[in-house]
Amino acid sequence: MSTFKIEHRENNAINVLDLKGYLDAHTAPELEKTFQSLIDTNRFRIIVNCRDLTYISSAGLGVFMAYIEDVRRNQGDIKLSNMSPKVFNVFDLLGFPLLYEITPDEADAVKKFQETGKPPKAGK
Amino acid sequence: MSTRKKFLPRDTTSEFQRRFDFRSLFEFSSIINSSTDLGFILGHLLLTIMGKLLSLRGVVLLGSEETSFRIRSVRGLDHGLLGTEIVIRRIPRKLISVPATEGAARSRWAKFFSAHGIRTIIPMTEGERVVGLVGFAPGQIRRKLSIEQVEYLTSLANIAAVSIVRATAYAEVDLSNRALNRKIQELNTLFELSKELNAVLDPERMVKLLMFSVMGQIGAHRCFLSLRRGDGLVHVLRKIDGDIPAGLNRYLGGLKEPVIVSTLTGPSGRGPRDLLGGIGIEAVIPLRARNELKGVFGVGGRMNDRTYSQADLDFLSSLGNLAVIALENTRLFREALDKQKLEDELLIAREIQRGLLPADLPKVRGFSMAAVNISSKQVGGDYYDVIPLGGGRWVFAIGDVSGKGTPASLLMASLQASIRALVPLDLSLSELTGRVNDLMVQNTNHGRFITFFWGILSEGDGTFTYVNAGHNPPVLCRKGGGLERLDRGGLILGVMATQSPYDQATVELRPGDTLCLYTDGVSEAMSPSGEEFGEGRIDEMLSASEGDPVEAVKDSFVNAVTTFAGAAGQYDDITLLFLRREDA
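Below, the structure written as structure tokens:
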């Protein structure tokens, strides 16, 4: 049984992924598959809502790294929202706030997309 | 305040001022002591001073080393000054003034402050130590400081010093906590990866997991993984722009320890430094298992732009080695699995073969018989059979199906079924052989064939009519000397449909004569030096064993062949069938 679930929905024409449970080396391929299918269908404006994400490991973070360039090259972005302090700590510890926009609430992320429609920080 | 001044006596004004200052100091102290944020403490110190004096500019410097200070907070000045290092050899121990013009200032640091309009410097002292300095421009209304003001500002600076020391210590603890947490995270990553790699058997997925773990933990955008195959390298993971230049293979294949690409020296252009730099790789790490280079792992720039430390390289080595060992184990496991599959298949073949060979030899009146079949590890397609026809007539058959394993044993089963179905028909052995051949041609479409010999013995008069379809000619050893080879017949079975009939011939087995049927596992048994057992040895042994019981002859043949092969081992099935007409 998988302890990780992804649900995909749209919010103001932006793709929202609701992550649930444990994102680790075991479940990372599921997130990879989801990102890949979004990119394959030219959907590059992505918000990852982490409200129900209980744990993330380095392998989980790696999936974000693997896709951010592709997404930004296509004038999109991956923004993250609604992180629990525990999950944010891991992102923060490994320096992710440098590269990713992390908002307290999904609505803030939507607003940022609507304001710019472009990534806030240039990818490398 | 000025209105109050009119009505109150002068010393009371001063008293009032003192009380005001005291309360202000108390408030300041409780505010900055409630925070561990250095930036907030410094900012609040500056604002308090500037508010008190109505000054428009302020700066705080904190000591980094003995005489070295760095600008850590500014108000009313260019923020670009933050971080600037200023060396002060004779550190002021009390409030001092800086000359208004740069020219009048004697030291370099005084000139610097003068140039930025900072005219007063106060040391912040904690015990004996000057923690830092706070400087500011003259107030907008009263330019000269009163004694009370100097006292007030000195107290303020010293209260701030205590908070600064506390906040700095806190920040250091915080920093080492983060470093510790990162280490824990690294260990978690290693642990998690090793757990997952053990549970996964798909090499592609294993490589992906490694990539994610590295990208997540190290924050690298680019990486590659090359594995050693024979003398070359196979690039199993390429998260880089473009391809890994072929010119790098030799360099990577000889990598001894982790290397930071920027530290490489050597000619520019086609050297490893430029080639690796060209694909955005900043560090390469050799991966070893069982003390051999198994692969190379390369990583590119990081999102925080930091260079790779020794600790990072150690971590990457551990991670990479873990993956390489797991990949290697998977490969070995697959090989073992394939081998097991092959062995299972051979076991089936051996079972089929065993089921086809006669369990016991029948009793033929006036004749003695002995037979043996020793299947090789690979299971060849040897076959022999003795079938009663009734009326004192017996079929003796021996054959060798080409190939090994299950396919050979299945063809052998088909041969046996054909023979047993056809022999009851009232046909000559020549015709029967033609029919068997036609059936085998239909059943063999992969270039398989069978060497086959059979004959029909009449137990009464000892006549033996045979057809040899390409099999090693059985040897008839006459009593008292003389060997005959039974080689009449035709083409091997299964190659082409019967065109011309097989020759058949008849010999007579006289009392004391011995007929020896064998397969090439006997004649072509190989010694460790590569010599064949050969027909000559068979002839010699037969001639020498005249009169011995056939059972004993059989055993001595088996002994001779296995001794001859010795360490070379048995590569093909060994089948022997002896038939002797007893002396009357």
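From first to last, the protein sequence lines are chains W and B.
First residue of the first sequence: 62, per our numbering; consecutive thereafter.
First residue of the second sequence: 10, per our numbering; consecutive thereafter.
No residue lacks a Cβ here, since even glycine has one placed at the ideal position from N, Cα and C.
The structure displayed is predicted, hence computed values, not measured ones.
Can you find a CB in chain W that lies within less than 8 Å of the CB of residue i?
i, result
"residue 191 (chain B)", "yes"
"residue 221 (chain B)", "yes"
"residue 313 (chain B)", "yes"
"residue 230 (chain B)", "yes"
"residue 187 (chain B)", "yes"
"residue 151 (chain B)", "no"
"residue 338 (chain B)", "no"
"residue 291 (chain B)", "no"
"residue 365 (chain B)", "no"
"residue 505 (chain B)", "no"
"residue 214 (chain B)", "yes"
"residue 201 (chain B)", "yes"
"residue 341 (chain B)", "no"
With DSSP run on the structure shown, which of helix, strand or coil describes residue i?
i, result
"residue 117 (chain W)", "strand"
"residue 204 (chain B)", "helix"
"residue 574 (chain B)", "helix"
"residue 64 (chain W)", "coil"
"residue 134 (chain B)", "strand"
"residue 291 (chain B)", "strand"
"residue 164 (chain W)", "strand"
"residue 446 (chain B)", "helix"
"residue 25 (chain B)", "helix"
"residue 36 (chain W)", "In the structure displayed, chain W extends from 62 to 185; residue 36 (chain W) sits before or after that span and is not available."
"residue 580 (chain B)", "coil"
"residue 154 (chain W)", "helix"
"residue 314 (chain B)", "coil"
"residue 39 (chain B)", "helix"
Quick check on the DSSP output: the beta strand (DSSP E) that includes residue i runs from which residue to which?
i, result
"residue 484 (chain B)", "484-486"
"residue 409 (chain B)", "402-410"
"residue 393 (chain B)", "390-399"
"residue 261 (chain B)", "Run containing residue 261 (chain B): none in the beta strand (DSSP E); it sits in the alpha helix (DSSP H), 258-262."
"residue 84 (chain B)", "77-84"
"residue 117 (chain B)", "It is not in any beta strand (DSSP E) - residue 117 (chain B) instead sits in the alpha helix (DSSP H) that spans 117-124."
With 8 Å as the threshold, decide whether the Cβ of residue i is near any Cβ in chain B.
i, result
"residue 156 (chain W)", "yes"
"residue 82 (chain W)", "no"
"residue 138 (chain W)", "no"
"residue 67 (chain W)", "no"
"residue 90 (chain W)", "yes"
"residue 130 (chain W)", "yes"
"residue 119 (chain W)", "yes"
"residue 109 (chain W)", "no"
"residue 86 (chain W)", "yes"
"residue 144 (chain W)", "no"
"residue 168 (chain W)", "no"
Are there 16 or more other CB atoms within 10 angstroms of the CB of residue i, so buried, or fewer, so exposed?
i, result
"residue 582 (chain B)", "buried"
"residue 295 (chain B)", "buried"
"residue 73 (chain W)", "exposed"
"residue 417 (chain B)", "buried"
"residue 188 (chain B)", "exposed"
"residue 300 (chain B)", "exposed"
"residue 110 (chain W)", "buried"
"residue 147 (chain B)", "buried"
"residue 80 (chain W)", "buried"
"residue 31 (chain B)", "exposed"
"residue 489 (chain B)", "exposed"
"residue 182 (chain B)", "exposed"
"residue 77 (chain W)", "buried"
"residue 409 (chain B)", "buried"
Residue i and residue j look like a contact to me (Cβ under 8 Å); what is the Cβ gap, rounded to whole Å?
i, j, result
"residue 446 (chain B)", "residue 478 (chain B)", "7 Å"
"residue 313 (chain B)", "residue 159 (chain W)", "6 Å"
"residue 264 (chain B)", "residue 216 (chain B)", "That belief does not hold up - the Cβ atoms of residue 264 (chain B) and residue 216 (chain B) are roughly 19 Å apart, past 8 Å."
"residue 152 (chain W)", "residue 122 (chain W)", "7 Å"
"residue 476 (chain B)", "residue 498 (chain B)", "5 Å"
"residue 62 (chain B)", "residue 145 (chain B)", "7 Å"
"residue 523 (chain B)", "residue 495 (chain B)", "Contact doesn't hold; Cβ gap of about 13 Å is too wide."
"residue 335 (chain B)", "residue 562 (chain B)", "Not quite, the Cβ-Cβ distance comes to about 58 Å (not below 8 Å), so this is no contact."
The alpha helix (DSSP H) that contains residue i, what's its start and end?
i, result
"residue 283 (chain B)", "281-287"
"residue 418 (chain B)", "414-431"
"residue 553 (chain B)", "543-553"
"residue 220 (chain B)", "212-227"
"residue 360 (chain B)", "319-365"
"residue 50 (chain B)", "47-62"
"residue 532 (chain B)", "529-532"
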